[in-house]
Amino acid sequence: MDKTILIAGKEVPAGKDLASSAVLHGRTVFITAESDATDTGLADGSNPVAWNKGSALSSRSLLISASNKNGHLDEAVLIFDEEYFAPKFGVPGPAESTRACDELILGYQYLTAELLLRFNQRKIAGLEKNPGKIVFVYKPNVNEADAVKNPNLRLENRILSKTLVASASVAFKAFAENFAASVCEADDVIPVLVECDSSNELSKNDSAFMAWLCEYLSKLDDLKKELSAKQKVSWIKAGAKVPGGFGIFKK
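When the letters of the sequence shown are read in order and numbered with my numbering, they come out as residues 3 to 253.
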């Protein structure tokens, strides 16, 4: 059976290279889009789905839409690309802080809860022998505090993360780690934590990154020995080998 993957957090069109690469690697792809997304597929064959990040109901509707369209959902990739978010949020204020909390913190938590519920339900129903995969992709960016400590960072001509994005980035990483810890002994879901900083060769190439990730996830199903709880709660670098397996990129 073909695998179905949901890519969330880097909306089309910004996430189109992620979607296209997953399609090339045999996935039926659903990728989040702004609330005005249509039901028509993209040229690469992937399917945009609307996600109102501040709504728990929207997270549920998103998964229902994806599952109903293809009958099943096997993998989900939740991406926090700090550099992508950096220009989208300004200085703290009542409205801006609320928007940042909804879009950069609550949305990921709502969607994770719904994914866990769905993977648990399919396990109970005996629909899939392999557990679902929830992947947290953390891509940090230089923030304003970093630039004050090291002024040379400002010479790199990049957009710095301001207060709201920088703090949400830390919240995403903490949430991912502790969620992984809470399910590390479960048999219905495998958490995967991936860090991809600016020094990583895959950081600036979404197509290559997704090619590696699809290979990595596929090989998890073929492991003779399950990942340990410690491995499930540890961050891996993009391009890493599967424990006991072979990766297409080396660290």
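Each residue gets a CB set at the ideal place from its N, CA and C atoms; glycine is no exception.
Checklist entry - Taking the beta strand (DSSP E) that Asn-268 falls in, what are its first and last residues? => result Given that the chain is displayed from residue 3 to residue 253, the structure contains no residue 268 and the question cannot be resolved.
Item to check | Inter-residue spacing [alpha-carbon to alpha-carbon] between Ala-178 and Ala-10 | outcome: Approximately 14 Å, taken between the alpha carbons.
Checklist entry - Excluding the five sequence neighbours on either side, which residues of its own chain have a C-beta within less than 7 Å of the C-beta of Ala-182, listed in chain order? => result If the five residues before and after Ala-182 are omitted, its C-beta is found closer than 7 Å to the C-beta atoms of Pro-193, Leu-195, Lys-234 and Val-235, all from its own chain and listed in chain order.
Item to check | Spatial neighbours of Asn-132 in its chain, beta-carbon cut-off 8 Å, leaving aside the 5 residues before and after | outcome: Asp-76 and Asp-223.
Checklist entry - Quick one, are the C-beta atoms of Ala-21 and Val-14 less than 8 Å apart? => result In this structure, the beta-carbon distance from Ala-21 to Val-14 falls below 8 Å.
Checklist entry - Would Ser-230 be called buried (16 or more neighbouring beta carbons within 10 Å of its own) or exposed? => result Counting every other CB atom within 10 Å of its CB across the protein chains shown gives Ser-230 a total below 16, marking it as exposed.
Checklist entry - Just how far apart, CA to CA, sit Lys-55 and Val-139? => result When only Cα atoms are considered, Lys-55 and Val-139 end up about 17 Å apart.
Next on the checklist: Between which residues of its own chain and Ala-173 is the CB-CB distance below 6 Å, once the five residues before and five after are set aside?
Outcome noted: Counting only Cβ-Cβ distances below 6 Å, and skipping sequence neighbours, we find Ile-107.
Item to check | Within 8 Å, strictly: CB atoms of Ala-176 and Asn-145 | outcome: Not closer than 8 Å, so no.
Item to check | Separation of Lys-125 from Glu-53, as counted between CA atoms | outcome: The sequence shown places Trp at residue 53, not Glu. If I take the Cα positions, the gap works out to 25 Å.
Checklist entry - Which first and last residues belong to the alpha helix (DSSP H) in which Glu-85 is found? => result If you look at Glu-85, you'll find it in the alpha helix (DSSP H) that goes 84-87.
Next on the checklist: If the criterion is Cβ atoms closer than 8 Å, does the pair Ala-58 and Leu-117 meet it?
Outcome noted: No, they are not a contact pair.
Item to check | Counterpart residues of Ala-35 in DSSP-defined beta bridges | outcome: Ala-52, per the DSSP bridge assignment.
Next on the checklist: Which same chain residues end up closer than 6 Å to Phe-248 when comparing Cβ atoms and leaving out the 5 residues on each side of it in sequence?
Outcome noted: Model confidence at Phe-248 stands at a pLDDT of 46, short of 50, so the residue's coordinates are unreliable and nothing is read from them.
Checklist entry - With which residues is Ser-163 paired in a DSSP beta bridge? => result Under DSSP, Ser-163 takes part in a beta bridge, and its partners are Asn-145.
Item to check | Neighbourhood of Arg-62 by C-beta distance below 7 Å, restricted to the same chain and skipping five residues each side | outcome: Closer than 7 Å at the Cβ level, and outside the excluded window around Arg-62, lie Glu-116.
Checklist entry - Phe-91 by DSSP, collapsed to three states: which one? => result In the structure shown, the three-state DSSP call for Phe-91 is coil.
Checklist entry - From the DSSP output, which residues share a beta bridge with Glu-77? => result For Glu-77, the beta-bridge partners assigned by DSSP are Ile-7 and Lys-135.
Checklist entry - How far does the alpha helix (DSSP H) with Ile-66 in it reach, from first residue to last? => result Note, Ile-66: alpha helix (DSSP H), 58-72.
Next on the checklist: Within 10 Å of its beta-carbon, does Lys-232 have 16 or more other beta-carbons around it, so buried, or fewer, so exposed?
Outcome noted: Exposed is the call here.
Checklist entry - Buried or exposed: where does Asp-199 fall if 16 or more other Cβ atoms within 10 Å of its Cβ makes it buried? => result In the assembly as shown, Asp-199 is an exposed residue. Its beta-carbon has fewer than 16 other beta-carbons within 10 Å.
Item to check | Lys-221 versus Asp-190 - alpha carbon distance | outcome: Rounded to whole angstroms, Lys-221 and Asp-190 show a C-alpha spacing of 17 Å.
Next on the checklist: I'd like the span of the beta strand (DSSP E) that includes Ile-107, first residue to last.
Outcome noted: Unbroken run through Ile-107: none, as it is neither H nor E.
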